[in-house]
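For reference, the structure is listed below as C-alpha cells.
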Amino acid sequence: MDNFVFKNPTEILFGRGMIAQITERIPAERPVLFLYGGGSIKRNGVYDQVRAALKAHQVIEFGGIEANPVYETCLKAVDEVKAHGVGFILAVGGGSVVDAAKFIAAASLYKGEEPWEILLTGGEEIQAALPLGAVLTLPATGSESNGNAVISRQATHEKLALASGLVFPVFSVLDPETTFTLPKKQVRNGVVDSFVHVMEQYLTFPVYAPLQDRFSESILQTLVEVGPVTLAEPQNYDARAAFMWSATLALNTLIACGVPQDWSTHMIGHELTAFYGLDHAESLAIVLPGVWERELEHKAAKLEQYGVRVWGVQTAQAAIAATEQFFQSLGMPTRLSDYQIDAEEAAEKVRARFTERGTVLGEHQDLTPDAVAAILRSRA
Ligand code: NZQ
Ligand code: ZN
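Just so we're aligned: the sequence shown equals residues 44 to 423 in this note's numbering.
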C-alpha cells in the first residue's frame, strides 16, 4: 500500500428533512450567496425549504449556473460576492452548482490578475477561499464531499479542473427526496459517473490494498443493484438513498487512499464535452472501454478481479463487455457514432490539444496524445 494522507472535513447531513439543519451552520454576520442552477429547485420545493432555513439570514440570490458551469457566469457571481461582502456560499443543486460555488469561493479571494489561472494551475494557486456548503439535488459527482471542481470556458471550448483542500464544503445536505424530480437521463448519468469514479481509483494495478479494493467493489455492486431500481422507481426512497450515498463515497477521497489512480477516462471525456457538448457521463461511457482495451496488459489483473467479484465472469475481456452492457442497460450509449460524432475528427482535435498542453495520462503515464487518439478512433 502506498503512503497517504486522509482528511475529509465535510459534515454530511443525510436524510429526509435535513435541509432545516443548515440554519445554525451558516454564520449570520455577513450575507450568504444562495447559488443555484436553471430553476429545478423552484419546481420541486427545495428552493422554499432553503429560504425557510435562511429566513434570519441576509440572502443574495444568484441563479443561472449552467450544467458544465461556465467561467464567465462564475465571474458575475464573484462580482456579487465582492459587492455585498458575502461571507458564505450555499450551493443548491447538482454537481455543476457545487463546482461553481467552489470556484467562486476561491476566485473571490484570488489576488492574481485573472482567476482562470486558478484552473490553468489545477487549483495550486488557491491560497484562500470563502467557506461553502451544499444542498445536493443530483447524486453523481461526489462534489458534495471533495475538493474538486470543473469549469468550462465558452470562448475557448476549454474545460479544466481544480483540486484544493480549501474548497471542501463545510457541510452537505443529502436528502434523497430532493432528487425525486430528476429526469431519467440525469439518474442514468449519475449512476455511470459514480461507477466510473470508482474505476478511476480501483481499476489500475494491484498494490495489496484489499480493504480499498473491497470498498470499491462494494460501491460498484451497490450501483449495479440499485441503479436499475432507482431509474425505474424514482420515488423509491430506499433505492435513491442507497444510490445517493454510493455516489458520495465513490469520490470523497476514501477509496483513493494508498492506491494508484488513473483518471484518463475523465481527462479525455472532458475534452469530448468541451468540443461536442456531451453530458459528462455520456463522455465517460464512450471512453472507459477504450482505455481498458488499450491498457489491457497493465490492467489485466484488476480487470480479472473486478470481473470475478462484481460480475462473476472469468476474463478481463468479459469484464469489459459486462461493463459496456451495464451502461447500455441503463440507456447509456457507448459509441461516438451514437451522437453522430466523427471519431477521426474527435481523435485529431483531442490529440492536438493534448500535444499542445503536453498531456500524458494513465497510472503508468503511457497514454500519449497519439495513444489517446487511437482510443477515440476505436470508439467510432
Ligand atoms: O440547473 P437546474 O435547473 O438545477 O437543472 C439541473 C441540470 O439541468 C438538473 N437537476 C439537478 N437536480 C435536479 C435537476 N432536475 C430535476 N430535479 C433535480 N433534483 O440536472 C441537470 C444537470 O445538473 P448538473 O449539476 O450539471 O449535473 P451533475 O451533477 O452530473 O454535474 C456535472 C458537472 O460536474 C462535473 C462535470 O464535469 C460536470 O461539469 N464533475 C465534477 C466532479 C467533482 N467536482 O468532483 C467530478 C466529476 O467527475 C465531474 O467531472
Ligand atoms: Zn465524473
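Ideal placement from N, C-alpha and C gives every residue a C-beta, glycine not left out.
- In this structure, the beta-carbon distance from V210 to K202 does not fall below 8 angstroms.
- Between L76 and A120, the beta carbon gap of about 7 angstroms places them in contact (Cβ cut-off 8 angstroms).
- For the pair V393 and V415, the Cα-to-Cα distance works out to about 8 angstroms.
- Cβ contact annotation for G137 (same chain, cutoff 8 angstroms, sequence separation greater than five): G80, A110, L179, T180, L181, A183, T184 and Q229, in chain order.
- Contact check between the segment 296-304 and the segment 46-55: three or more CB pairs, one atom from each, fall below 8 angstroms, which counts as touching.
- At a threshold of 7 angstroms, T184 counts as near the ligand ZN, since its beta carbon sits closer than that to one of the ligand's heavy atoms.
- Sequence-distant Cβ neighbours of P271 in its own chain, meaning closer than 8 angstroms and more than five residues away, are S372 and L373.
- Placement of the Cβ of T291 at a distance of 7 angstroms or more from every heavy atom of the ligand NZQ is found.
- DSSP lists V113 and K202 as the bridge partner or partners of S195.
- If you keep only unbroken alpha helix (DSSP H) runs of at least 4 residues inside the segment 309-396, you get 323-337, 339-349 and 359-372.
- Judged by DSSP in its simplified three-state form, I103 adopts strand.
- By the neighbour-count criterion, in which a residue is buried when 16 or more other Cβ atoms sit within 10 angstroms of its Cβ, G333 is buried.
- At the C-beta level, L78 and S215 stay beyond 8 angstroms of one another.
- At a Cβ-Cβ threshold of 8 angstroms, I132 and A150 do not count as neighbours.
- Under the Cβ criterion (8 angstroms, minimum of three pairs), the segment 284-294 does not count as touching the segment 330-347.
- Using a Cβ-Cβ distance cut-off of 8 angstroms, the segment 273-281 and the segment 218-237 are in contact, since at least three pairs of beta carbons, one from each stretch, lie closer than that value.
- As the crow flies, the alpha-carbon of A285 is around 8 angstroms from that of T265.
- Residue nearest to E325 within the set F370, E157 and V241 is F370 (criterion: CA-CA distance).
- The ligand NZQ never approaches P74 closely enough for any of its heavy atoms to be under 7 angstroms from the residue's Cβ.
- Between L331 and T308, the alpha-carbon positions lie close to 5 angstroms from each other.
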